[in-house]
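A short worksheet on the structure shown next.
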C-alpha cells in the first residue's frame, strides 16, 4: 500500500507538473546551508546531516514521474463522504493489486478502517482475496471486524458509506457497503456490508463507472473514521486465455491407427460407411482427435461406433475372395481369425503384435 498524504488528491491536480527546478532549488538551499554551518560553531554532525538531506532531495524520485504513473493507470480520486474532522490520508493498492474489501475497528461508529488489497492474476482471471491489509486509519478503540471482501472472481466497482449525523450534518463513518462486479463475462454480481452498532443514518457513495475498479481509498481520520472516498482505476481484465489441456498425442496416435484400419476394412468389405468418420487417412483421424484437447471420451465413443458398424457389416458378408463356410489359412499368431474370416487381434489388444490393450 502507498500512503502519500502530501500528494494532491484531486484528479485534476494529479495531472499538473511539479517543476523540476523546485528540486534543484531545494538542493541548492540545503547545500548553501551546509556551507554556512561549516563556517559556524555548530557541530560537524549537523553539517553532515544537511549534506545527506540535500542529496536525498536531489536523488529522490521525481514527483513528475509519480504523477505520470498515476495517470498511466487512469487513476481518479472521488470526493469524500462523511464529516469534516480528522487528518487526511490516501492509501492505494500496490501495482497489480485491487481493493478486495475492508476490516474495521468499531463500536457505535468506525474507530478505524483497514483496506485490503489482492493481486490480480490475468491468466486465471482471479484476485487473491482477501489479500493483504494496508495501513490502519483511525484510532485504537472498538472491536475488530473482518476482513469482509468480495469473492476472488469479482472486483469492487463501487462503495456506499453510511455515517452518523450531528445537528443534521455528517459526523463519523458507521457502515460500508461494497458492490462486487464479475471479472469474467457472465459472472455473478453481489453486495457485501460491514457495519458498526450504529448502522447508518445518512449515506453516500460512489461507483467507479464502467470498466473501472476501486484501487484504494482516501479520507480523513482521527480517533474515529471521519470521512472516506475512493481511488478508481482500470478494472482487472483477463488478458490471457486459459491454457487448453494438453492433447493426448499417444492415445490419439493409437486411436488414429485403429480408425484408419477400420476405415480401410469398410472399403474392402463395401460396408458403405461414408463421411469424415470413414476416411482412410490416419492423419485425418489423428488431427480430429487432437481437437478434443486430451479428452478421450468423445474419441472412444467414436471408435466404438465405428467398430460396431464394421462388426455388423462383417456378420452380413463373407470375407472377400471366399464363400461363406470356406476353409481359410490360419492367421499369424498372436492374431486370430474371427467368424467373419478376418484376421485380428484378440479382444482387448491391438497393434502390430497385439500388445496394446484397447476396448473393442
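Residue numbers (UniProt numbering): 1 to 360.
Idealized CB from N, CA, C, for every residue including glycine.
Quick caveat: nothing in here was measured; it's all calculated off a predicted structure.
Query, Result
"Neighbour-count burial assignment, residue 185, 16 or more Cβ in a 10 Å radius", "exposed"
"Top-ranked residue by Cα proximity to residue 205, from 169, 157, 222, 182", "157"
"Delimiting residues of the beta strand (DSSP E) encompassing residue 227", "225 to 234"
"Whole beta strand (DSSP E) elements within the region 84 to 134, 3-residue minimum", "87 to 92, 97 to 106, 110 to 121"
"Of the listed residues 122, 103, 167, 161, nearest to residue 144 (C-alpha basis)", "103"
"Counterpart residues of residue 218 in DSSP-defined beta bridges", "90, 229"
"Beta-carbon proximity check, residue 259 vs residue 303, cutoff 8 Å", "yes"
"Through-space distance from residue 187 to residue 124, alpha-carbon basis", "14 Å"
"C-alpha gap between residue 225 and residue 99, whole angstroms", "18 Å"
"Extent of the continuous alpha helix (DSSP H) to which residue 269 belongs", "Residue 269 -> no alpha helix (DSSP H), and no H or E assigned at all."
"Sub-8 Å separation of residue 177 and residue 193 beta-carbons", "yes"
"Spatial distance of residue 130 from residue 183 (CA atoms)", "16 Å"
"Beta-carbon spacing of residue 223, residue 77 below 8 Å", "no"
"Local Cβ density within 10 Å of residue 52, reported as buried at 16 or more and exposed below that", "Since pLDDT at residue 52 reaches only 39, below the 50 mark, its modelled position is unreliable, and no value is offered."
"Reduced DSSP secondary structure (H/G/I, E/B, other) of residue 196", "coil"
"Unbroken alpha helix (DSSP H) run spanning residue 354, endpoints", "Taken as a continuous stretch (DSSP letters only), residue 354 belongs to no alpha helix (DSSP H), as it is neither H nor E."
"Which of helix, strand or coil DSSP assigns to residue 165", "strand"
"Neighbour-count burial assignment, residue 256, 16 or more Cβ in a 10 Å radius", "buried"
"Residue 268 versus residue 313 - alpha carbon distance", "11 Å"
"Helix, strand or coil at residue 77 according to DSSP, with G and I counted as helix", "strand"
"Range of the contiguous beta strand (DSSP E) that encloses residue 207", "202 to 207"
"Pair within 8 Å by beta-carbon distance, residue 169 and residue 108", "no"
"Host alpha helix (DSSP H) of residue 145 (start-end)", "Run containing residue 145: none in the alpha helix (DSSP H); it sits in the beta strand (DSSP E), 143 to 149."
"Rounded C-alpha distance that separates residue 270 from residue 298", "26 Å"
"Which of helix, strand or coil DSSP assigns to residue 190", "strand"
"Distance CB(residue 80)-CB(residue 228) smaller than 8 Å", "yes"
"Alpha-carbon to alpha-carbon, residue 142 and residue 106", "4 Å"
"Residue environment, residue 306, which counts as buried when at least 16 other CB atoms sit within 10 Å", "buried"
"Residue 96 versus 136, 211, 122, residue with shortest Cα-Cα distance", "122"
"Within 8 Å, strictly: CB atoms of residue 101 and residue 149", "yes"
"Beta-bridge partners of residue 213, as assigned by DSSP", "233"
"Beta-carbon proximity check, residue 345 vs residue 354, cutoff 8 Å", "yes"
"Residue range of the unbroken alpha helix (DSSP H) whose run includes residue 308", "296 to 316"
"With 16 other Cβ atoms within 10 Å as the buried cut-off, status of residue 236", "buried"
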